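**Student:** The working numbering puts the first residue of the sequence shown at 1, with every later residue one more than the last.
Even glycine gets a Cβ: it sits at the ideal position worked out from N, Cα and C.
Everything numeric in this text was worked out from a predicted model, so none of it was measured.
A single structure is presented below for examination.
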Amino acid sequence: MIKLGVKRYSITRAFILPPLKAGSSTPLLCSSSEIDYFPCCFMFSCSDVDHVCSKLGSDLHTSYLTMSKIPDIKPVDLSTTKEMFVSAIRFAVSIEGPCFPFGDELRISAQEQVDYMLGEDVDTTIIIADDEVQSVVRMGVYNIIHSFEMGLSSLLLDSTLEFEDGYNRIMKRVSDLEWMCIVLPKMDLMKNFVSNWAEISSKILGIIEDKKLDHDTWGLKLKLIEVACKVLEAVSYGNVIIPAQCRVQLLKTWFPYVRKMKPLLDLKVVEETGFPYKMDEDLCQAIEGAIVSLILTLPSNDQADILADWIRSREVGYPDLSEAFEVWCYRTKSAKRRLVEGLEGHSDAAVST
């Protein structure tokens, strides 16, 4: 027999879940918007359901007959998916040395697995809201970013012989940062990355602009700009909401650096044939668009400070903030006009009284 619970069901359409088997007792789930719903609480045999389905249409009857032959399907055990995902995350964000005998391939494979599960595995979209999963990811973000910061600091202390090994380790960490910028938005955890990145931005730029790192670190400098672009885009387009003070800090930290590095990289491209580290057009447009949008989200006084600094060095030419300047002028004039109108209205009211 099949028991229908005391719910509101429709006569015109029926979806039978889970599959029915002869002689079994399973719930019949129905839904539709074509006819008024009615409460019901009856007992039906499978033959009764077969008869009703045949009356409701050939498609539904065929579906019922097919489903009745399918064995019962057990619900998916999400704990297995969760364990697999957490394990992959831990390997992907590991800050330990290469795991013998796999080397870096294990970490890279884990990162690919996480990316695949977030894009293709339906169950993963459910378990990413789990507290343990989010805790593991947040800790991984913190470890990677601060491991990068410490490794970058150590470059200033390394001898000439040790510098190359240290530089290679740093570039692997930058690769991890780029990977995080891809997967964290899919988990709604990009804010953790942005917050940690904003905290260390001033320090890492202070290190990267040290005279010892003037030469042979062009690849690292370009990668830093690419990561910063992802952060600026996330904030400027509203995907990550952070306080105005933090937005100002991000902009005042990275805007001068980008403005300085663009002509230097362009010059190296001209001077050295085959120089690989160039800010391509897509990257330039992405950074410029993010900076313009971010400026327009700031308080008016902060906008004025940044735009005034840009006007004083307009000969650099990049990034072009003309659009932001025009919008700021329009808003300022409109605000001034409203203020004057408000004051005049207040004065007229005072005189009339």
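Please determine, among Leu298, Leu118 and Glu149, the residue with the shortest C-alpha to C-alpha distance to Phe325.
**Tutor:** Checked all of Leu298, Leu118 and Glu149; the closest Cα to Phe325 is Leu298.
**Student:** Could you give the uninterrupted runs of the beta strand (DSSP E) lying entirely in the stretch 133-205, keeping only those of 3 residues or more?
**Tutor:** None, since the stretch 133-205 contains no complete beta strand (DSSP E) of that length.
**Student:** Return the residue from the list Asp104, Ile208, Asp216 and Asn239 that minimises the CA-CA distance to Leu224.
**Tutor:** It is Ile208 whose Cα lies nearest to the Cα of Leu224.
**Student:** Taking C-beta to C-beta, are Leu222 and Met279 nearer than 9 angstroms?
**Tutor:** Result yes, Cβ atoms of Leu222 and Met279 sit closer than 9 angstroms.
**Student:** Inspect the beta-carbon positions of Val141 and Phe193 and report whether they are closer than 9 angstroms.
**Tutor:** Closer than 9 angstroms, so yes.
**Student:** Could you check what DSSP says for Val86 in three-state terms: helix, strand or coil?
**Tutor:** Helix at Val86.
**Student:** From Arg138 to Met261, what distance separates their C-alpha atoms?
**Tutor:** Arg138 and Met261: Cα-Cα distance of roughly 31 angstroms.
**Student:** With Phe91 and Val133 assumed to form a contact (beta carbons below 8 angstroms), what rounded beta-carbon distance in angstroms separates them?
**Tutor:** Rounded, the Cβ-Cβ distance is 14 angstroms, inconsistent with contact.
**Student:** Any idea what DSSP makes of Leu251, helix, strand or coil?
**Tutor:** If DSSP states are grouped into helix, strand and coil, Leu251 belongs with the helices.
**Student:** So, are the CB atoms of Asp302 and Ala244 less than 9 angstroms apart?
**Tutor:** Yes.
**Student:** Going along the chain, which residues of its own chain have a beta-carbon closer than 8 angstroms to the beta-carbon of Val114, five neighbours each way excluded?
**Tutor:** Around Val114: Phe85, Ala88, Ile89, Ala92 and Val183.
**Student:** Kindly indicate the opening and closing residues of the alpha helix (DSSP H) around Ala290.
**Tutor:** Taken as a continuous stretch (DSSP letters only), the alpha helix (DSSP H) holding Ala290 covers Glu281 to Ile295.
**Student:** Does the beta-carbon distance from Val240 to Leu177 come in below 9 angstroms?
**Tutor:** Contact flag unset, no.
**Student:** Indicate the three-state DSSP secondary structure (helix, strand or coil) for Lys278 in the structure shown.
**Tutor:** Looking at Lys278 - three-state DSSP - the assignment turns out to be coil, as it is neither helix nor strand.
**Student:** On the DSSP letters alone, give me the boundaries of the alpha helix (DSSP H) that Ile95 sits inside.
**Tutor:** Per DSSP, Ile95 belongs to no alpha helix (DSSP H) and is neither H nor E.
**Student:** Do you know whose CA, among Cys329, Glu288, Ser202 and Ala290, lies nearest Ala308's CA?
**Tutor:** Comparing Cα-Cα distances from Ala308 to each of Cys329, Glu288, Ser202 and Ala290, the minimum goes to Cys329.
**Student:** Is the CB-CB distance between Lys212 and Leu152 below 9 angstroms?
**Tutor:** Cβ distance not < 9 angstroms, so Lys212 and Leu152 don't count as in contact.
**Student:** Cα separation between Gly23 and Asp77?
**Tutor:** Residue confidence is low: Gly23 scores 41 on pLDDT, short of 50, so the model does not pin down where it sits. Its coordinate-derived value is still stated next. Computed Cα separation, rounded: 27 angstroms.
**Student:** What are the boundary residues of the alpha helix (DSSP H) that Ala228 is part of?
**Tutor:** Trp218 to Ser236 is the span of the alpha helix (DSSP H), which, as asked, contains Ala228.
**Student:** Please state whether DSSP places Ser334 in a helix, a strand or coil.
**Tutor:** Three-state result, Ser334: helix.
**Student:** Can you list, in chain order, the residues of its chain with a C-beta nearer than 6 angstroms to that of Lys230? Leave out the 5 residues immediately preceding and following it.
**Tutor:** Only Cys181 meet the Cβ criterion.
**Student:** Given a cut-off of 9 angstroms, decide if Leu205 and Leu250 are closer than it, judged by their beta-carbon atoms.
**Tutor:** Their beta carbons are not under 9 angstroms apart, which means Leu250 does not touch Leu205 by this criterion.
**Student:** Rounded to whole angstroms, what is the Cα-Cα separation between Leu265 and Leu189?
**Tutor:** Spanning the two alpha carbons is a distance of roughly 32 angstroms.
**Student:** In its own chain, which residues sit with a C-beta less than 6 angstroms from the C-beta of Ile145, not counting the 5 before and 5 after it?
**Tutor:** Same-chain partners within the cutoff: Asn196.
**Student:** From Lys172 to Arg337, what does the alpha carbon distance come to, in whole angstroms?
**Tutor:** Between Lys172 and Arg337, the C-alpha separation is close to 54 angstroms.
**Student:** In or out: Arg247 buried (at least 16 other Cβ within 10 Å) or exposed?
**Tutor:** Buried: at least 16 other Cβ atoms inside 10 Å.
**Student:** What residues in its chain sit with their C-beta under 8 angstroms from that of Cys284, if we drop five residues either side in the sequence?
**Tutor:** Once the five neighbours on either side are set aside, the close Cβ partners of Cys284 are Lys262, Tyr318 and Pro319.
**Student:** Just the Cα atoms here: how many angstroms apart are Ile126 and Leu106?
**Tutor:** Roughly 25 angstroms between the two C-alpha positions.
**Student:** Would you call Ile311 buried or exposed, if buried means 16 or more other Cβ atoms sit within 10 Å of its Cβ?
**Tutor:** Counting Cβ neighbours within 10 Å, Ile311 comes out exposed, since fewer than 16 surround it.
**Student:** Report the three-state DSSP secondary structure of Val340 (helix, strand or coil).
**Tutor:** The answer is helix: DSSP assigns Val340 an H, G or I state.
**Student:** Taking only beta-carbon positions, decide if Lys223 is within less than 9 angstroms of chain C.
**Tutor:** Of the chains in the structure shown, none is chain C; there is only one protein chain.
**Student:** With a threshold of 7 angstroms on Cβ separation, who are the neighbours of Ser94 within its own chain once the five nearest residues in sequence on each side are excluded?
**Tutor:** Result list for Ser94: Arg107, in chain order.
**Student:** Could you give the first and the last residue of the continuous alpha helix (DSSP H) run that contains Ala308?
**Tutor:** Per DSSP, Ala308 belongs to the alpha helix (DSSP H) from Ser300 to Arg312.
**Student:** Taking the alpha helix (DSSP H) that Thr125 belongs to, which residues open and close that run?
**Tutor:** Residues Thr124 to Ile127.
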